[in-house]
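Everything on this sheet refers to the single structure shown next.
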Amino acid sequence: MMKDKNFPQIGQKLIIIRIKMTGEKVEYVSQLMDVDVNGELAVAVPIKNSQLVTLLNGTKITIIYNNNESGMLEFEAEVVRKITGKVPLMYIKKISEIIKGQRRNYFRLDLLVPIQIIKSNDDTMHSGFTKDISGGGLRMITDADLNEGEIIHVSFELEDRTYNLKSQVRTKFNSIDNKNEVGIEFLDIIEIDRNDLIKYLFLQQRMLIKRGM
(Lines of atoms letter the chains of each structure in order from A; the text may use other names.)
(Lines give C-alpha, C1' and ligand atoms only; values in the text may rest on other atoms or scores of the structure.)
Protein backbone atom coordinates (compact mmCIF):
# COMPACT_ATOMS: atom_id res chain seq x y z
CA MET A 1 0.00 0.00 0.00
CA MET A 2 1.44 3.38 -1.05
CA LYS A 3 1.32 5.74 1.88
CA ASP A 4 0.62 9.46 1.79
CA LYS A 5 3.71 11.50 2.72
CA ASN A 6 1.54 13.10 5.42
CA PHE A 7 0.68 9.71 6.94
CA PRO A 8 2.10 9.17 10.46
CA GLN A 9 5.27 7.10 10.70
CA ILE A 10 5.57 3.84 12.64
CA GLY A 11 6.89 4.66 16.10
CA GLN A 12 5.46 8.18 16.01
CA LYS A 13 3.66 9.62 19.02
CA LEU A 14 -0.04 10.33 18.54
CA ILE A 15 -2.65 12.30 20.42
CA ILE A 16 -6.06 10.63 20.59
CA ILE A 17 -9.07 12.90 21.12
CA ARG A 18 -12.37 11.42 22.26
CA ILE A 19 -15.55 13.39 22.83
CA LYS A 20 -17.66 11.95 25.64
CA MET A 21 -21.46 11.91 25.48
CA THR A 22 -21.39 14.83 27.94
CA GLY A 23 -19.45 16.86 25.36
CA GLU A 24 -16.24 16.71 27.40
CA LYS A 25 -13.07 16.37 25.32
CA VAL A 26 -10.54 13.83 26.61
CA GLU A 27 -6.95 13.58 25.34
CA TYR A 28 -4.75 10.48 25.43
CA VAL A 29 -1.16 9.91 24.33
CA SER A 30 -0.45 6.86 22.17
CA GLN A 31 2.04 5.59 19.58
CA LEU A 32 1.69 4.12 16.10
CA MET A 33 3.05 0.56 16.26
CA ASP A 34 2.17 -0.86 12.83
CA VAL A 35 -0.03 -0.54 9.73
CA ASP A 36 -1.57 -3.76 8.36
CA VAL A 37 -2.22 -4.70 4.73
CA ASN A 38 -5.77 -3.35 4.97
CA GLY A 39 -4.52 0.06 6.04
CA GLU A 40 -5.69 -0.32 9.64
CA LEU A 41 -3.41 1.33 12.19
CA ALA A 42 -2.24 -0.59 15.24
CA VAL A 43 -1.71 1.89 18.07
CA ALA A 44 -0.67 1.32 21.65
CA VAL A 45 -3.65 1.25 23.99
CA PRO A 46 -3.38 4.58 25.84
CA ILE A 47 -2.80 4.79 29.58
CA LYS A 48 -4.50 7.31 31.86
CA ASN A 49 -3.72 7.52 35.59
CA SER A 50 -1.70 4.27 35.35
CA GLN A 51 -4.72 2.42 33.91
CA LEU A 52 -5.29 1.12 30.37
CA VAL A 53 -8.00 3.13 28.62
CA THR A 54 -10.80 1.00 27.17
CA LEU A 55 -12.34 2.42 24.00
CA LEU A 56 -15.20 0.32 22.67
CA ASN A 57 -15.21 -0.92 19.08
CA GLY A 58 -17.02 1.65 16.96
CA THR A 59 -15.82 4.59 19.05
CA LYS A 60 -15.08 7.64 16.87
CA ILE A 61 -11.84 9.45 17.70
CA THR A 62 -9.56 12.14 16.29
CA ILE A 63 -5.87 11.40 15.72
CA ILE A 64 -3.44 14.34 15.92
CA TYR A 65 0.28 14.22 15.17
CA ASN A 66 3.17 16.35 13.98
CA ASN A 67 4.56 16.09 10.45
CA ASN A 68 8.03 17.56 9.86
CA GLU A 69 6.99 19.09 6.54
CA SER A 70 3.32 19.92 7.02
CA GLY A 71 3.11 20.72 10.73
CA MET A 72 0.20 19.53 12.87
CA LEU A 73 -2.14 17.15 11.03
CA GLU A 74 -5.25 15.24 12.03
CA PHE A 75 -7.83 12.78 10.78
CA GLU A 76 -10.94 11.08 12.08
CA ALA A 77 -10.76 7.38 12.92
CA GLU A 78 -12.85 4.54 14.32
CA VAL A 79 -11.81 1.82 16.76
CA VAL A 80 -12.30 -1.58 15.07
CA ARG A 81 -10.66 -4.18 17.35
CA LYS A 82 -8.18 -4.73 20.15
CA ILE A 83 -5.44 -7.29 20.81
CA THR A 84 -4.02 -8.14 24.22
CA GLY A 85 -0.36 -8.99 24.70
CA LYS A 86 2.89 -7.62 26.08
CA VAL A 87 1.95 -4.34 24.39
CA PRO A 88 -1.87 -4.14 24.18
CA LEU A 89 -2.88 -2.83 20.77
CA MET A 90 -5.93 -1.06 19.47
CA TYR A 91 -6.64 -1.20 15.74
CA ILE A 92 -8.24 1.86 14.19
CA LYS A 93 -9.28 2.73 10.65
CA LYS A 94 -9.02 6.17 9.07
CA ILE A 95 -12.47 7.45 8.12
CA SER A 96 -11.60 10.92 6.85
CA GLU A 97 -8.97 12.75 4.85
CA ILE A 98 -5.83 14.04 6.55
CA ILE A 99 -6.17 17.77 7.17
CA LYS A 100 -4.26 20.55 8.89
CA GLY A 101 -4.79 20.51 12.64
CA GLN A 102 -7.76 22.58 13.73
CA ARG A 103 -7.41 25.17 16.49
CA ARG A 104 -10.00 23.41 18.66
CA ASN A 105 -7.88 20.27 18.76
CA TYR A 106 -4.46 21.66 19.65
CA PHE A 107 -2.74 19.42 22.14
CA ARG A 108 -2.67 21.08 25.58
CA LEU A 109 0.03 20.41 28.18
CA ASP A 110 0.07 21.39 31.86
CA LEU A 111 3.06 23.71 32.09
CA LEU A 112 4.02 26.24 34.76
CA VAL A 113 6.13 29.12 33.39
CA PRO A 114 6.30 32.85 34.21
CA ILE A 115 4.37 35.12 31.85
CA GLN A 116 4.20 38.88 31.34
CA ILE A 117 1.00 40.62 30.23
CA ILE A 118 0.41 44.08 28.76
CA LYS A 119 -3.18 45.29 28.35
CA SER A 120 -4.02 47.11 25.11
CA ASN A 121 -5.27 50.18 27.00
CA ASP A 122 -2.54 50.17 29.65
CA ASP A 123 1.25 50.11 29.25
CA THR A 124 1.70 48.66 32.74
CA MET A 125 3.41 45.27 32.79
CA HIS A 126 1.50 42.62 34.73
CA SER A 127 2.92 39.28 35.81
CA GLY A 128 1.54 35.79 36.18
CA PHE A 129 2.21 32.17 35.38
CA THR A 130 0.76 29.68 32.92
CA LYS A 131 -1.27 26.61 33.94
CA ASP A 132 -1.28 24.96 30.53
CA ILE A 133 -0.18 25.82 27.00
CA SER A 134 -1.25 24.67 23.53
CA GLY A 135 -0.46 25.71 19.98
CA GLY A 136 -3.57 27.88 19.97
CA GLY A 137 -3.49 29.54 23.37
CA LEU A 138 -2.92 29.09 27.07
CA ARG A 139 -4.48 29.27 30.49
CA MET A 140 -2.86 31.50 33.10
CA ILE A 141 -3.19 33.06 36.54
CA THR A 142 -2.32 36.75 36.80
CA ASP A 143 -2.79 39.86 38.91
CA ALA A 144 -4.09 41.70 35.83
CA ASP A 145 -7.83 42.46 35.81
CA LEU A 146 -8.88 41.02 32.46
CA ASN A 147 -12.27 40.65 30.79
CA GLU A 148 -13.55 38.26 28.13
CA GLY A 149 -12.90 39.62 24.64
CA GLU A 150 -10.09 41.92 25.78
CA ILE A 151 -6.99 42.16 23.55
CA ILE A 152 -3.65 41.78 25.33
CA HIS A 153 0.00 41.06 24.57
CA VAL A 154 1.76 38.24 26.40
CA SER A 155 5.41 37.25 26.62
CA PHE A 156 6.86 33.98 27.93
CA GLU A 157 9.97 31.87 27.49
CA LEU A 158 10.33 28.16 26.74
CA GLU A 159 13.95 27.11 27.08
CA ASP A 160 15.89 29.71 25.02
CA ARG A 161 12.90 30.85 22.94
CA THR A 162 10.81 33.94 23.75
CA TYR A 163 7.24 34.21 22.46
CA ASN A 164 5.68 37.68 22.20
CA LEU A 165 2.08 37.22 21.11
CA LYS A 166 -1.00 39.33 20.58
CA SER A 167 -3.85 37.45 22.23
CA GLN A 168 -7.50 37.67 23.19
CA VAL A 169 -9.11 36.68 26.47
CA ARG A 170 -11.63 33.93 25.67
CA THR A 171 -12.60 32.61 29.11
CA LYS A 172 -12.52 34.06 32.60
CA PHE A 173 -12.68 31.73 35.58
CA ASN A 174 -13.33 32.38 39.26
CA SER A 175 -10.76 34.57 41.00
CA ILE A 176 -8.48 32.90 43.55
CA ASP A 177 -6.76 34.92 46.31
CA ASN A 178 -7.14 38.16 44.33
CA LYS A 179 -5.64 36.48 41.26
CA ASN A 180 -7.49 36.10 37.97
CA GLU A 181 -7.51 32.86 35.99
CA VAL A 182 -8.15 33.29 32.28
CA GLY A 183 -7.91 31.35 29.04
CA ILE A 184 -6.49 33.21 26.05
CA GLU A 185 -6.21 32.57 22.32
CA PHE A 186 -3.14 33.55 20.28
CA LEU A 187 -4.14 35.90 17.46
CA ASP A 188 -1.00 36.63 15.46
CA ILE A 189 1.30 33.63 15.93
CA ILE A 190 2.94 32.69 12.62
CA GLU A 191 2.79 29.06 11.54
CA ILE A 192 6.51 28.36 12.00
CA ASP A 193 6.37 29.65 15.59
CA ARG A 194 3.21 27.66 16.27
CA ASN A 195 4.83 24.48 14.95
CA ASP A 196 7.95 25.09 17.08
CA LEU A 197 5.75 25.60 20.13
CA ILE A 198 3.81 22.39 19.45
CA LYS A 199 7.02 20.42 18.89
CA TYR A 200 8.29 21.64 22.27
CA LEU A 201 5.05 20.56 23.98
CA PHE A 202 5.20 17.12 22.36
CA LEU A 203 8.83 16.75 23.48
CA GLN A 204 7.92 17.65 27.06
CA GLN A 205 5.03 15.17 26.96
CA ARG A 206 7.33 12.38 25.77
CA MET A 207 9.76 13.17 28.59
CA LEU A 208 6.92 12.94 31.13
CA ILE A 209 5.84 9.58 29.71
CA LYS A 210 9.39 8.23 30.00
CA ARG A 211 9.46 9.32 33.64
CA GLY A 212 6.15 7.55 34.23
CA MET A 213 4.33 10.75 35.11
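Under UniProt numbering, the sequence shown has 5 at position 5, and the numbering climbs by one with no breaks. We treat Cβ as the ideally placed atom computed from N, Cα and C, and that holds for glycine.
Three-state class that DSSP yields for residue i in the structure shown
{"i": "residue 14", "result": "strand"}
{"i": "residue 208", "result": "helix"}
{"i": "residue 80", "result": "strand"}
{"i": "residue 74", "result": "strand"}
Proximity below 8 Å, CB of residue i to CB of residue j
{"i": "residue 61", "j": "residue 92", "result": "yes"}
{"i": "residue 131", "j": "residue 110", "result": "yes"}
{"i": "residue 24", "j": "residue 17", "result": "no"}
{"i": "residue 165", "j": "residue 189", "result": "yes"}
{"i": "residue 173", "j": "residue 114", "result": "no"}
{"i": "residue 46", "j": "residue 30", "result": "yes"}
{"i": "residue 198", "j": "residue 72", "result": "yes"}
{"i": "residue 90", "j": "residue 35", "result": "no"}
{"i": "residue 79", "j": "residue 57", "result": "yes"}
{"i": "residue 75", "j": "residue 136", "result": "no"}
Neighbourhood of residue i by C-beta, 6 Å cutoff - its chain only, sequence neighbours within 5 removed
{"i": "residue 200", "result": "158"}
{"i": "residue 139", "result": "131, 132 and 183"}
{"i": "residue 104", "result": "Confidence at residue 104 is low in this model, with a pLDDT of 48, below 50, so the placement of that residue is unreliable and no value is reported for it."}
Those residues which DSSP pairs with residue i across a bridge
{"i": "residue 158", "result": "161"}
{"i": "residue 92", "result": "41 and 79"}
{"i": "residue 98", "result": "Answer is none; residue 98 lacks a bridge partner."}
Close beta carbons around residue i, own chain, < 8 Å, minus the five adjacent residues each side
{"i": "residue 175", "result": "181"}
{"i": "residue 120", "result": "150, 151, 152 and 153"}
Beta-carbon proximity list for residue i, same chain, < 7 Å, skipping 5 on both sides
{"i": "residue 20", "result": "26"}
{"i": "residue 129", "result": "112, 113, 114, 115, 140 and 141"}
Below-8 Å beta-carbon distance, residue i vs any chain E residue
{"i": "residue 92", "result": "In the structure shown, chain E does not exist; there is a single protein chain."}
*Enumerate, from N- to C-terminal direction, the unbroken beta strand (DSSP E) stretches of 3 or more residues contained entirely within the UniProt domain "PilZ" (102-202).*
As far as the UniProt domain "PilZ" (102-202) is concerned, its whole beta strand (DSSP E) runs of at least 3 residues are 108-110, 114-119, 125-134, 137-142, 151-158, 161-172 and 180-186.
*Counting only runs of 3+ residues fully inside the region 16-72, write out the beta strand (DSSP E) ranges in chain order.*
List check, beta strand (DSSP E) in window: 25-35, 41-44 and 60-67.
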